[in-house]
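Asks:
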Amino acid sequence: MNIIEKYDKPFQFGALALNLLIAYQFLTLWYQPTPFDVDKITSFIGLMIFEFVMVHSGIFMAAMPKKISLFVFVPLYGLFALVFNSFTNDNSILILYCIVVFNRMRFAFSDVSSHVKGRILFNAIISMMVYFVLIFVVLIFQSLIPKLGLTTEFLNNTNFFENIDASGEFIEKPHVTMCFGFLYYIGLSLVEAYFLNKKPPQQTVKKLKTIKSLNPYKAFKNKEHFK
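Rendered as C-alpha cells:
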C-alpha cells in the first residue's frame with residue numbers, strides 16, 4: 012500500500028466536509044442573504060453552471076490513462092474554469108477547480124488497487140446522475156420552491172439584476188439555483204458518506220481494468236506487424 016492509498020480515508024472525509032460546507036453556503040445564501048452577499052450569489056450561480064462541465068471530469072480522469080488525464084483533460088477543464096471564472100467577481104471557481112482536480116488526480120500517478128480506482132469511477136458516475144436528476148426535478152417543480160431570503164424586493168434593493176449581463180432560469184431565479192446547489196451538494200455528501208465503508212461493484216472494477224489495459228499504441232503496432 013503506497014502513501015496515497017494509505018491516506019485515502021482522510022481525503023474521503025475531507026471531500027465530505029467540503030461538500031457539506033458548500034451546501035451550507037448555498038443554504039445560507041438562499042435562507043438569509045445580506046446586501047454584501049450579492050457578489051457571492053453571482054459566484055455560486057456560476058459555480059453550479061460550471062459544475063455542468065466539471066461533473067463529467069471525474070469519470071474521464073478515473074477511467075482514462077494518466078497521460079491523457081494530465082495533458083488533455085486537466086488543461087481542457089482548466090480552460091473552462093478560466094472562462095467561467097471571468098464572469099464572477101472573485102476566484103472561487105478557480106480555487107474550487109484546483110481542489111477538485113487535486114482530489115481526483117491524486118491516484119493518477121500511483122499504482123493503487125483497482126478497488127480504489129473503481130470507487131472513484133463509480134462515485135463519479137453516481138455524482139453525475141445526481142446532478143442531472145436534480146436539475147430536471149428542480150426545474151420542473153421550480154414554482155414550488157420558496158424564495159426565502161431571495162425575494163423580489165431584496166433583489167431589486169441590491170440591484171442584483173443590474174450587475175449581471177447573462178440570462179436564463181438559474182440567473183433570473185437565484186432562489187432556484189441556491190436550492191439546486193444545496194440539494195446537489197447534500198447529494199454529493201451522501202454519496203461520499205456511502206463509500207466511506209463500501210466497495211464499488213465488481214462489474215465497475217472489471218470494466219475499469221479493461222479500460223486501463225487498452226493500449227492504442229500496441230494495438231497499432233500489432234496491426235502493422237500483421238500487414
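For the sequence shown, the working numbering assigns the number 238 to the last residue and increments by one with no breaks.
Ideal Cβ placement from N, Cα and C applies to all residues, glycine included.
At the level of alpha carbons, what is the spacing between PHE95 and PHE63?
Replies: Cα-Cα distance, rounded: 11 Å.
Asks: Is it buried or exposed for VAL216, if we count other Cβ within 10 angstroms and need 16 for buried?
Replies: Its pLDDT being 47, under 50, VAL216 is placed unreliably in this model, and the value from its coordinates should be taken loosely. Buried, since its Cβ has 16 or more Cβ neighbours within 10 Å.
Asks: So, do the region 46-59 and the region 157-174 have three or more beta carbon pairs nearer to each other than 8 Å?
Replies: Enough Cβ pairs lie closer than 8 Å, so yes.
Asks: Need the endpoints of the alpha helix (DSSP H) that VAL64 sits in, please.
Replies: First-last of the alpha helix (DSSP H) with VAL64: 49-65.
Asks: Measuring straight from C-alpha to C-alpha, what distance separates ILE79 and ILE70?
Replies: Cα-Cα distance, rounded: 13 Å.
Asks: Could you check the C-alpha separation between PHE152 and ASP101 for me, to the nearest Å?
Replies: Their backbone Cα atoms lie some 31 Å apart in a straight line.
Asks: Keeping to the same chain, check which residues put their C-beta closer than 8 Å to that of PHE181; ignore five residues upstream and five downstream.
Replies: Excluding sequence neighbours, PHE181 sits near ILE56, MET59, ILE60, VAL187, THR188, PHE191.
Asks: So, are the CB atoms of VAL66 and TYR142 less than 8 Å apart?
Replies: Yes, Cβ-Cβ distance for VAL66 and TYR142 is below 8 Å.
Asks: Can you give the Cα-Cα distance for PHE22 and ALA92, rounded to whole angstroms?
Replies: Straight-line Cα distance between these residues: approximately 23 Å.
Asks: Please classify ASN30 as buried or exposed, where buried requires at least 16 neighbouring CB atoms within 10 angstroms.
Replies: It is buried - the Cβ of ASN30 has at least 16 other Cβ atoms within 10 Å.
Asks: For ASN168, does the count of other Cβ atoms within 10 angstroms reach 16, so buried, or fall short, so exposed?
Replies: ASN168 should be labelled exposed.
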